[in-house]
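S.K.: Taken in sequence, the protein lines are chains R and Z.
For reference, each letter of the first sequence is one residue, going 6 to 393 in my numbering.
For reference, each letter of the second sequence is one residue, going 478 to 604 in my numbering.
No residue lacks a Cβ here, since even glycine has one placed at the ideal position from N, Cα and C.
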Amino acid sequence: MHAVRIAGAGSTAFGASPERTGRDLFGEAARIAIEDSDVPRADIERLCYGNFVGTVTECQGHQAPLMAEAAGVTAPATRYESACASGGVALKSAVEAVRSGAVDVVLVGGMERMHNVTTEQATEGLAMAADHLYESRTGVTFPGAYALMARAYFEEFGGTRADLAAVAVKNHRNALGNDKAQFQKEISTTDVLEAPTVADPLGLYDACPITDGASACVLVSEAYAEENNLDASIAVTGAGQGTDSLALQHRESLTRTPATTRAATAAYDEAEIAPSDVDLLEVHDCFTIAEVVALEGLGLYDHGEAIDAARSGETTRNGDLPVNLSGGLKAKGHPVGATGVSQVVELTKLLRGDHINSTAVPDASVAVAHNAGGTVASATVHVLEVRS
Amino acid sequence: MREQREDGYDDLLDALESDAGYYLSCPAGHGSLPPRQVCPTCGDDELSTEPLPDTGTVVTFTEIAVPAPAFAGQTPVVVIADFGPVRLTGRLLDDSDALEVGSEVVPTVASSPDGGRHVGARLASER
Chain R
6 MHAVRIAGAG
16 STAFGASPER
26 TGRDLFGEAA
36 RIAIEDSDVP
46 RADIERLCYG
56 NFVGTVTECQ
66 GHQAPLMAEA
76 AGVTAPATRY
86 ESACASGGVA
96 LKSAVEAVRS
106 GAVDVVLVGG
116 MERMHNVTTE
126 QATEGLAMAA
136 DHLYESRTGV
146 TFPGAYALMA
156 RAYFEEFGGT
166 RADLAAVAVK
176 NHRNALGNDK
186 AQFQKEISTT
196 DVLEAPTVAD
206 PLGLYDACPI
216 TDGASACVLV
226 SEAYAEENNL
236 DASIAVTGAG
246 QGTDSLALQH
256 RESLTRTPAT
266 TRAATAAYDE
276 AEIAPSDVDL
286 LEVHDCFTIA
296 EVVALEGLGL
306 YDHGEAIDAA
316 RSGETTRNGD
326 LPVNLSGGLK
336 AKGHPVGATG
346 VSQVVELTKL
356 LRGDHINSTA
366 VPDASVAVAH
376 NAGGTVASAT
386 VHVLEVRS
Chain Z
478 MREQREDGYD
488 DLLDALESDA
498 GYYLSCPAGH
508 GSLPPRQVCP
518 TCGDDELSTE
528 PLPDTGTVVT
538 FTEIAVPAPA
548 FAGQTPVVVI
558 ADFGPVRLTG
568 RLLDDSDALE
578 VGSEVVPTVA
588 SSPDGGRHVG
598 ARLASER
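1. At 3 residues or longer, and completely inside the segment 255 to 295 of chain R: list those beta strand (DSSP E) runs for me, N to C.
2. Starting from Q348 of chain R, find everything on chain Z with Cβ-Cβ shorter than 8 Å and list it in chain order.
3. Quick one: which chain R residues come within Cβ less than 7 Å of E483 of chain Z?
4. Is D484 of chain Z helix, strand or coil when you go by DSSP?
5. According to the neighbour-count rule (16 or more other Cβ atoms, all chains shown, within 10 Å of its Cβ), is E257 of chain R buried or exposed?
6. So the candidates are R:V391, R:T344, R:T380; which of them puts its Cα closest to the Cα of G93 of chain R?
7. Could you give the DSSP three-state label for T353 of chain R: helix, strand or coil?
8. State yes or no: is the C-beta of Q126 of chain R nearer than 8 Å to some heavy atom of the ligand GTP?
9. For E540 of chain Z versus A575 of chain Z, is the C-beta spacing smaller than 9 Å?
10. Which residue wins for smallest C-alpha separation from D282 of chain R, given the options R:L30, R:A99, R:S370?
11. Chain Z beta carbons: is any one of them nearer than 9 Å to that of R156 of chain R?
12. By the three-class DSSP mapping on this structure, what secondary structure does S525 of chain Z have?
13. Who pairs with C53 of chain R in a beta bridge, going by DSSP?
14. How many Å lie between M478 of chain Z and R594 of chain Z at the Cα?
15. Please report the straight-line C-alpha distance between V556 of chain Z and S525 of chain Z, rounded to a whole angstrom.
16. Given A21 of chain R, which residues of its chain have a CB within under 7 Å of its CB, disregarding the five upstream and five downstream residues?
17. With a threshold of 9 Å between beta carbons, is S525 of chain Z in contact with chain R?
18. Using a Cβ-Cβ cut-off of 9 Å, state whether E301 of chain R counts as contacting chain Z.
19. Let me know the secondary structure DSSP gives R10 of chain R once reduced to three states.
20. If I follow the unbroken alpha helix (DSSP H) through S98 of chain R, where does it start and stop?
21. Going by DSSP, what residues sit across from A558 of chain Z in a beta bridge?
22. Would you mind working out which of Z:S589, Z:E577, Z:G506, Z:V578 sits nearest G550 of chain Z, comparing C-alpha positions?
23. Between S580 of chain Z and chain R, is the shortest Cβ-Cβ distance under 9 Å, so that the two count as touching?
24. Please report the distance separating the alpha-carbon of D591 of chain Z from that of A547 of chain Z.
25. Mind the definition here: the segment 126 to 145 of chain R touches the segment 24 to 34 of chain R only if three or more C-beta pairs lie below 8 Å; say whether that holds.
26. Here's the rule I'm using: 16 or more other beta-carbon atoms within 10 Å means buried, otherwise exposed. How should P201 of chain R be labelled?
27. Among the candidates Z:A598, Z:Q514, Z:P512, Z:S580, whose CA atom is the shortest distance from the CA of V586 of chain Z?
28. Please check if any C-beta of chain Z sits within less than 9 Å of the C-beta of L285 of chain R.
29. Quick one: list the residues of chain R neighbouring V536 of chain Z, beta-carbon separation under 7 Å, in chain order.
30. Would H339 of chain R pass as an interface residue toward chain Z - the criterion being a Cβ-Cβ separation below 9 Å?
31. What alpha helix (DSSP H) runs, 4 residues minimum, are completely inside the segment 168 to 214 of chain R?
32. May I ask which residues mark the beginning and end of the beta strand (DSSP E) holding L30 of chain R?
33. How many Å lie between M6 of chain R and V328 of chain R at the Cα?
34. On the criterion of 16 or more Cβ atoms from any shown chain inside 10 Å, does C519 of chain Z qualify as buried, or is it exposed?
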């Protein structure tokens, strides 16, 4: 198996850019990542690209050739769709392509553009990640689905809205100074608790925003990095993916996410690490409750134990296990098809020491990225490690 | 506009409308909802039709303040109820004041303003 290194990483600014086309957004992210890598475009042998609702928001199918062109790349290109985990599954395929020896250089990335349509249309597009017949038709929105999980969690394990609010407060604080983040402002627990309800018990500040943006990485084989004297100190040492029933009603538990656990188990095994080896994480906090169940699914907390991780300070910048130092989906933003790759862009910079928050984790050597689709019917986990 | 019929799914809704709901069961006793070619848990293709219990127990619920366009102007309340071998997601058709986790609900059929049929739920205490 060929070892995989990250030679370059980059993102656009995340936020509302309704007049920028998807091809322009991805072209920018790809340009930044390729420039960061010092890899000639002609050496790129594949493009793995994630996107979820571009067929709805831009009426644009068959996006992979369009995005290859935008990146100035002529390599074979494929679009990956797995809802909010589209970027994660694109990344996993890119890692596997390099590992297998099929290629030495892959451009991997993702893009989403949603502010060019109304909030209602974007919401309807995102709801396509749910079971249309058994969930969406009954009126379940995405906040609604996570609200169902949050209430079930409170019933089974206890916890309060204030516990969840601490996740939002933490992630907003982490985004301060991250010039790519959509929200670079602090919020208070009161702000979260008094925000308008979206789906009881979740309010507006329990939810990540609608985001336009793109991210990209250049992955190379270790041999290619050495032959070309690249500065590529971050390795992808583990990659896992898990699947669960699409509809919540078909799952054994409404509070556990076995897709995350399956993905994590596979990724940890490949990297030969245990959860206790992880120094920092970017996890899929599309809603505050999502960060809680992610940390439990990843094996970092027992079930029912992560609800006060943020409130107690364990997962804050100065805690034992910093989570979402980028600001997470909650404050950095969630350009759906890009998110799985953007997490790795942020972790790469955090580990390399060129992220605004690298000072919080100066000795970190093992990082984990967790990307989830739908109500975690799909999940990917990637392990990054610092190498010489 | 007549909505496209969905085999299996609409058959179940027709049955719920007649108070004759059912679920699918494999020889190992795994419950599932139609349409199914095989048991989603074990892959067995011997699926029998079993009567759905008359009532289910609410395990979670939410009132959606920002609804999908099909429910514009409403705040739909959605429940997930446990019927033993299967769970059902349904829109509550009664006032939600008495709703709580543990409430008993009766499955039925509902429609959204745009005509989409789906599973509904009524509080057993209101019947």
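M.R.: Reading off the structure:
1. Secondary structure in the segment 255 to 295 of chain R: the beta strand (DSSP E) runs of 3 residues or longer, each lying completely within the stretch, are 285 to 287 in chain order.
2. In chain order: nothing, as chain Z lies at least about 26 Å away.
3. Within chain R, the residues whose beta carbon sits less than 7 Å from that of E483 of chain Z are L138, listed in sequence order.
4. Shown here, D484 of chain Z sits in coil according to DSSP, grouped into three states, outside any helix or strand.
5. E257 of chain R is exposed by the Cβ-count criterion.
6. Residue R:T344 is the option with its Cα nearest to G93 of chain R.
7. Of the three classes helix, strand and coil, the one that applies to T353 of chain R here is helix, per DSSP.
8. Because no ligand of any kind appears in the structure shown, any question about the ligand GTP cannot be addressed here.
9. The criterion of a C-beta distance shorter than 9 Å is not satisfied by E540 of chain Z and A575 of chain Z.
10. The residue with the shortest Cα to Cα distance from D282 of chain R is R:S370.
11. Yes, R156 of chain R counts as interfacial toward chain Z.
12. Strand, per DSSP.
13. In the DSSP assignment, C53 of chain R is bridged to R:T83, R:V113.
14. Only weak support exists for where M478 of chain Z lies, its pLDDT of 43 falling under 50; the coordinates are left without a value.
15. Approximately 26 Å, taken between the alpha carbons.
16. Excluding positions up to five away in sequence, the list reads H120, D217.
17. For S525 of chain Z, the answer is no, since every Cβ of chain R falls outside 9 Å of its Cβ.
18. It does not: the Cβ of E301 of chain R has no partner Cβ on chain Z nearer than 9 Å.
19. Looking at R10 of chain R - three-state DSSP - the assignment turns out to be strand.
20. That run of the alpha helix (DSSP H) goes 91 to 104.
21. DSSP lists Z:V535, Z:L565 as partners of A558 of chain Z.
22. Ranking the options by Cα distance to G550 of chain Z, first place goes to Z:S589.
23. It does not; no Cβ of chain R falls within 9 Å.
24. Rounded to whole angstroms, the separation of the alpha carbons of A547 of chain Z and D591 of chain Z is 6 Å.
25. The segment 126 to 145 of chain R, when compared against the segment 24 to 34 of chain R, does not touch it at the 8 Å Cβ threshold.
26. Its Cβ having fewer than 16 others within 10 Å, P201 of chain R is exposed.
27. Closest by alpha carbon: Z:A598.
28. No, because no Cβ of chain Z sits closer than 9 Å to the Cβ of L285 of chain R.
29. Within chain R, the residues near V536 of chain Z are A157, L259.
30. No, no contact with chain Z.
31. The DSSP assignment places complete alpha helix (DSSP H) segments of no fewer than 4 residues inside the segment 168 to 214 of chain R at 194 to 199, in order along the chain.
32. Where L30 of chain R is concerned, there is no enclosing beta strand (DSSP E), although the alpha helix (DSSP H) it sits in stretches over 27 to 42.
33. Computed Cα separation, rounded: 30 Å.
34. Taking all protein chains shown into account, C519 of chain Z has fewer than 16 neighbouring C-beta atoms within 10 Å of its C-beta and is therefore exposed.
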